[in-house]
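Notes follow the structure.
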Amino acid sequence: MSTTDTLAPVPLARKMQRIKPSASMMAKKKVETLRSEGKKIIDFTIGEPDLKTPAHIAQAGIEAIQNGCTKYTATSGIPELLRAIKEKYQRENKLDFALDQLVVGTGAKQLIFSALSVTLDKDDEVIIPAPYWVSYPDMVLLNDGKPVILEASEHNGFKMTAESLEAAITDRTKWLLLNSPNNPSGSLYTEAELREILAVLQRYPHVLLMIDEIYEHFSYEQDYISPLMVNSGLGARTLLINGVSKAYAMTGWRIGYAAGPAYLIKAISTLISQTTSCASEISQKAAATALSGDQTCVRETTALYKKRRDTMVALLSDIPGLVCPQPQGAFYVFPNVQGLLGKTTPSGKTLSNDLDIVHYFLDAAGVAVLDGTAYGVPGYIRLSFATDLETIKIGCEMLSQACSQLK
Ligand code: PMP
Ligand code: GLU
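Quick note on my numbering: the sequence shown kicks off at 120 and runs consecutively.
Below you can see the structure in the form of structure tokens.
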């Protein structure tokens, strides 16, 4: 029997017209395709550590398989991992959560989606400061909500102000979705800024706060401060999102976790019970080891990324047309490329927007980067520095050469 499509496709759900594939996941696929065709590509797209999962964590996964920990687990996670998460919050954030205030998911991504899914009714609004991680608005749209994009300008370090937040809040606002350290800009809210933002939220008891802290450990100039450490009064309506993907180089293990009010955690757990059942037991065992074991690997990774950041920022800052602010956290730089707009490539094409620049860099330099438009702010590009120093140096040199050929 042929499986080739011959009939017209059955229409997909209308909600599928509201969303597009994830720009970062598509970029990863594109790089893989080009490489499989034999092209040499330097990849600064996907935000994924180049490092291996630390050996003691990988070993815990191997032992889990050998010991038969290959079953379904409790929907909200295995007790060992939930305890490790509880202790992580006590140890690193001075926050106390009961076990029924914690849930494990198949990546932080699933938990953000689930939290929106269990709370949003049609046209409920979610305030998302831009630049934002590409998946936030689409997750809101898939759940019938309305993303309210709040531009956080470069001049304000890509951070929204308390005033702009207050002006964006309406009776329909359900969430403020905050990501600090931020993907893609690397911005990090200071304690004083958080205090002002939280004071605004205090005045609007119908608004929930979701904080995506997945880059918590990659804070280069100061210790990360969780908003709940600043104002615990918002605990009853704050959901913390985190995971092991970035801190422990465990993207493929797919383990995230959330902490918040028990009623919300229970609803998320119910949704998981009806969708994915639970996260992989093997991965949960490894994640428990990651969170409760020696944390030297995290400190070493942070020091390594800081060096990479400094190198990439210095090299990109030397390229005329690029303005590259130093990110405070995460592992991305987000240079302003407006100085390249209007220039002409050697083949005669005028660069009219950041997407043109992304295509030019890929074609002329073999360097893959992402466009700021995908992150809600045209005129910028995103480069991940979660890659080795040598690649960073070569890639930036190629970009410099490509830029020098523009007229
Ligand atoms: N939040 C942000 C801001 C991210 O960049 C990512 C990266 N994938 C995630 C959440 C999701 O991480 P994961 O699903 O791998 O835990
Ligand atoms: N968060 C990473 C990135 O922004 C991983 C890809 C994704 O899940 O979108 O590149």
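Glycine is no exception: its CB is placed at the ideal position from the N, C-alpha and C atoms. Treat the numbers as computed from the prediction; the structure is a model and nothing was measured.
Contact check for isoleucine 360 against alanine 227 passes: the beta carbons are separated by less than 8 angstroms. Counting along the chain, proline 256 sits inside the alpha helix (DSSP H) bounded by residues 254-261. Per DSSP, glutamate 270 lies in no alpha helix (DSSP H) segment; the continuous beta strand (DSSP E) that holds it begins and ends at 265-270.
Annotation: the continuous alpha helix (DSSP H) that includes tyrosine 208 extends over 198-212. Residue pairing for glycine 362: DSSP places it in a beta bridge opposite Gly375. Assigned with DSSP and collapsed to three states, lysine 159 falls in coil, not helix or strand.
If you draw a straight line from the Cα of lysine 213 to the Cα of serine 519, it is about 45 angstroms long.
Relative to the non-hydrogen atoms of the ligand GLU, the Cβ of isoleucine 165 comes within a distance shorter than 7 angstroms of at least one. The ligand PMP has a heavy atom closer than 7 angstroms to the beta-carbon of isoleucine 333.
Closest by C-alpha distance to alanine 449, out of Pro300, Ala203, Lys241, is Pro300.
Take leucine 269, set aside five residues on each side of it, and the residues of its chain with a beta-carbon closer than 8 angstroms to its own are Ile246, Ile247, Pro248, Ala249, Met279, Ser283, Leu284, Ala287, in chain order. Serine 471 and aspartate 482 have their C-alpha atoms spaced approximately 16 angstroms apart. With a beta-carbon spacing of about 5 angstroms, leucine 295 and leucine 328 fall inside the 8 angstroms limit used to define contacts. Here DSSP, grouped into helix, strand and coil, assigns proline 248 to strand.
For valine 223, the uninterrupted beta strand (DSSP E) segment begins and ends at 221-224. Excluding sequence positions up to five before and after methionine 517, its CB lies within less than 6 angstroms of the CB of Ala484, Val486, all in the same chain and listed in chain order. In this structure, the straight-line span from the alpha carbon of isoleucine 197 to that of leucine 383 is close to 19 angstroms.
Taking isoleucine 316 as reference, the option from Ser143, Ala146, Ile330 with the minimal CA-CA separation is Ile330. Membership of isoleucine 438 in any beta strand (DSSP E) is not indicated, and neither H nor E is assigned to it by DSSP. Annotation: the continuous beta strand (DSSP E) that includes arginine 501 extends over 500-503. Around the beta-carbon of arginine 210, fewer than 16 other beta-carbon atoms lie within 10 Å, marking it exposed. The C-alpha of valine 477 lies about 6 angstroms from the C-alpha of aspartate 490.
Here the alpha carbons of aspartate 215 and tyrosine 208 stand approximately 7 angstroms from one another.
Within the same chain, Cβ atoms closer than 6 angstroms to the Cβ of alanine 493 are found at Ala142, Val253, the five residues on either side in sequence being excluded. Using a 10 angstroms sphere on the CB of lysine 205, the tally of other CB atoms reaches 16 or more, which defines it as buried.
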